[in-house]
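Data first, discussion second: the structure below is written as structure tokens.
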Amino acid sequence: MQSSWEAGSGKRTLHQSVYDVIIQGIQSGKWGEHERLPSVRQLAEEIQVHRLTVLKAYQRLQDEGVVVSKYKSGYFVAPASQGPAGINRKEQAWTYRAKSQYIHRSRLSDIHRIPVEYQMSEALINPNLLPNAFLSNHVKQVFDKYPRVLSTYSSVKGDPELREELTQYFMQKQGISLHPEELMITTGSQQAIDLISRAFVKSGDTILIERPTYSPAIDVFVQQNVKIVPVEITPMGYDLDRLDQLMRDEKPSLFYMNPTFQNPTGYTVPVPQRKQLVEMAERYACILVEDEVYHDMYFGAMPPAPMFYYDTEGYVIHIRSFSKYVAPGLRISVLAARPEMMQAIVPVKALSDNGTPLLTQKIFQQYFFSSRLQNHVAKLRTALELRKEKMEALLAPTGWKWNSPGGGLNLWVQLPEPLSADALLQRCLQASVAFVPGRICDPLDAMDSWIRLSYSFIPEDRMEEGVGRLIAAAHREVM
Ligand SMILES: Cc1ncc(COP(=O)(O)O)c(C=O)c1O
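The sequence shown begins at 33 in the numbering used here and counts up by one.
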């Protein structure tokens, strides 16, 4: 039994692994509905862990409604109707059998799926802030200009015209010199992360990842069965001495980072650190995967140049998504990598989808480089900043702590003791309010006193009520 949960567990906590074992037993039918589960002592002996570890796993399953505890009788499998909100247990069993490591972390999309009136979990921009009518005119123009756009494939790396225009964009905006062959259009940044993980890491490798981080990136790397070593990110960036030590001792194959208006914290890694990180990457032959989803969503001053700008040896892979603020439905991102790296990514992209659909690339090309869209983006920044300020003003009376971000879509808020983000979320969902609890963003599965609140998606006229309900739920939680 031990081998089944140890394999690929990397730095995941023991209680997480025990939790997986119990879930697997329930989903495979080993323990049916209403059936008594092994006692804490039995299970601890069977899989050779401390009793407290098993107890912690049972308590978590109880919080999630998967098991129930009966006084003096132990733990029992809960009836299916009592399972986690919105998840059918049979469906869950298939998912679990398909990829057992994935089910736990994918709770982020589970949270997004729960219909609520006050949506502060999604880091998306409210559709009313995007120029939709303008986009539909452009779509028509694309079909007039490229009547065969649906009759052919794109090349694997993406449409050459679009890549050519993007090289000019990178030069003008960031002073980065690129050849179109060093760019790949991907179906969102999410795909770019996945392609990189499949091109550059193999089972058993070690990778570094920020703590906290963009949760689906953790999912991607967990799927590859790697050992995940967290690197704390603070408002000042990273502890570079520690990072140096980690790179030297752990020999990671890559460091996945989100250095500008980081998701979820909003922190930005300062320029001197960016330069030093590139030097460290060279010294230890560690790839830096720089995911810049929020780079253009700044308020006031522009953010520092990406690390790709400082990289002369080709250790940095730069991912830039346009999904969030141009047209999320187009799912267009660009991955920039020097030729040696690109060579390894192209076959993976070919296996994945043979190239991002040409139609969406052409729509993006027509739309993105238009002066109308660029002017719109300037107004969008102001609108987002005002929303951020409004949410901050609404939260101010609580005394909760956060660092006001210079861009991005989220506030990363620390709750006072003894509030638990997970417990607060359950209470908030009953009040039709959603946010992301910190644990989901934590590769170590802790950070239960933090929450990510997105100010960009909730309709502005609902923000006051939504934040009010959140605060009221927090008061009830501590009473
Ligand atoms: C840090 C980060 N990377 C990647 C993504 C995924 O972006 P895309 O919509 O382009 O796939 C997101 C979306 O929230 C993100 O926050």
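Using N, Cα and C, we set each Cβ at its ideal position, and we do this for glycine too. This one's a predicted model, so the numbers in the text were calculated from it and none came from an experiment.
Tell me the DSSP secondary structure of Lys422 in three-state form.
In the structure shown, the three-state DSSP call for Lys422 is helix.
Straight-line Cα distance separating Ala504 from His170
About 45 Å.
Cβ neighbour criterion (16 or more within 10 Å) applied to Val148
Val148 comes out buried.
What's the C-alpha gap between Phe175 and Glu197?
Whole-angstrom Cα-Cα distance: 19 Å.
When DSSP labels each residue in this structure, what does Phe331 get in the three-state scheme?
Coil at Phe331, not helix or strand.
So the alpha helix (DSSP H) Gly498 belongs to, where does it begin and stop?
For Gly498, the enclosing alpha helix (DSSP H) begins and ends at 492 to 510.
Exercise answer, beta-carbon shell around ligand 1 heavy atoms below 5 Å
So the residues near ligand 1 by this Cβ test are Ala155, Gly220, Ser221, Gln222, Tyr246, Asn290, Asn295, Asp323, Val325, Ser353, Ser355, Ser365.
Can you list, in chain order, the residues of its chain whose CB lies under 8 Å from that of Glu65, leaving out five sequence neighbours each side?
When the five nearest sequence neighbours on each side are left out, the beta carbons in the same chain lying within less than 8 Å of the beta carbon of Glu65 are those of Val109, Ala110, Pro111, Ala112, in order along the chain.
Assigned secondary structure, Met289 (DSSP; H/G/I helix, E/B strand, else coil):
Judged by DSSP in its simplified three-state form, Met289 adopts strand.
On the DSSP bridge list, what partners appear for Met216?
BP columns for Met216 point to Leu367.
Determine the contact status of Pro450 and Gly431, defining contact as a CB-CB distance below 8 Å.
Note that the C-beta distance between Pro450 and Gly431 is not below 8 Å.
Asn169, enclosing alpha helix (DSSP H) - first and last residue:
Start and end: 164 to 177.
Within the same chain, show all residues whose beta-carbon is closer than 7 Å to that of Phe400, passing over the 5 residues directly before and after it, in chain order.
Excluding positions up to five away in sequence, the list reads Phe354, Val358.
Taking Asp142 as the reference, which of Val409, Leu502, Ile472 has the closest Cα?
Nearest C-alpha to Asp142: Ile472.
Keeping to the same chain, check which residues put their C-beta closer than 7 Å to that of Val409; ignore five residues upstream and five downstream.
Here Val409 has Asp328, Tyr357 as same chain residues with Cβ atoms under 7 Å from its own Cβ, once five neighbours each way along the sequence are excluded.
Looking only at C-alpha atoms, which of Val366, Tyr299, Asp251 sits nearest to Gly190?
Residue Val366 is the option with its Cα nearest to Gly190.
Along the chain, where does the beta strand (DSSP E) that runs through Pro262 open and close?
That run of the beta strand (DSSP E) goes 259 to 264.
Would you identify the three-state DSSP class for Leu320, choosing helix, strand or coil?
Strand at Leu320.
With DSSP run on the structure shown, which of helix, strand or coil describes Phe489?
Judged by DSSP in its simplified three-state form, Phe489 adopts coil rather than helix or strand.
Nonlocal neighbours in the same chain, by C-beta distance under 7 Å from Leu182, ignoring five residues either side:
Cβ within range, chain order: Leu391.
Count the other C-beta atoms from every protein chain shown that fall within 10 angstroms of the C-beta of Asp493, then say buried if there are 16 or more, exposed otherwise.
In this structure Asp493 is exposed. Its beta-carbon is surrounded by fewer than 16 other beta-carbon atoms within 10 angstroms.
Using only CA atoms, which one of Ser49, Leu427, Gly498, Gln397 lies nearest to Lys177?
For the options Ser49, Leu427, Gly498, Gln397, the alpha carbon positioned closest to that of Lys177 is the one of Gln397.
Rounded C-alpha distance that separates Gln151 from Gln80
Each residue's Cα considered, the two are about 42 Å apart.
Among Ala466, Asn158, Val468, Ile58, whose alpha-carbon lies nearest the alpha-carbon of Ser488?
The shortest C-alpha separation from Ser488 is found at Asn158.
Using a Cβ distance threshold of 8 Å, determine whether the stretch 337 to 345 contacts the stretch 464 to 479, with at least three qualifying pairs required.
Output reads no: the stretch 464 to 479 does not touch the stretch 337 to 345.
Pro262 versus Leu240: straight-line alpha-carbon distance, rounded:
In a straight line, the C-alpha of Pro262 is about 6 Å away from that of Leu240.
Taking all protein chains shown into account, decide if Pro304 is buried (16 or more other Cβ within 10 angstroms of its Cβ) or exposed.
Exposed.
Along the chain, where does the alpha helix (DSSP H) containing Tyr399 start, and where does it finish?
Start and end: 390 to 400.
Going by beta carbon distance, what residues of the same chain come within less than 7 Å of Arg508, once the five residues before and after it are set aside?
These residues qualify, in order along the chain: Arg459.
Continuous alpha helix (DSSP H) assignments of at least 4 residues falling wholly in the stretch 53 to 83
Runs found: 72 to 79.
Beta strand (DSSP E) containing Glu242: first to last residue?
Start and end: 238 to 243.
Gln406: which of Trp63, Pro163, Val99 sits nearest, CA to CA?
Checked all of Trp63, Pro163, Val99; the closest Cα to Gln406 is Pro163.
Would you list the one or two residues that DSSP bridges to Trp444?
In the DSSP assignment, Trp444 is bridged to Arg484.
Quick one: grab the DSSP three-state call for Gly438.
Gly438 carries a coil assignment under DSSP once its states are collapsed to helix, strand and coil.
Assuming Ser153 contacts Phe467 (C-beta within less than 8 Å), just tell me the rounded distance between them.
Contact annotation, Ser153 with Phe467: C-beta distance approximately 5 Å; criterion of less than 8 Å satisfied.
Can you grab the Cα-Cα spacing for the pair Pro192 / Arg145, in whole Å?
Within the model, the alpha-carbon separation for Pro192 versus Arg145 is close to 37 Å.
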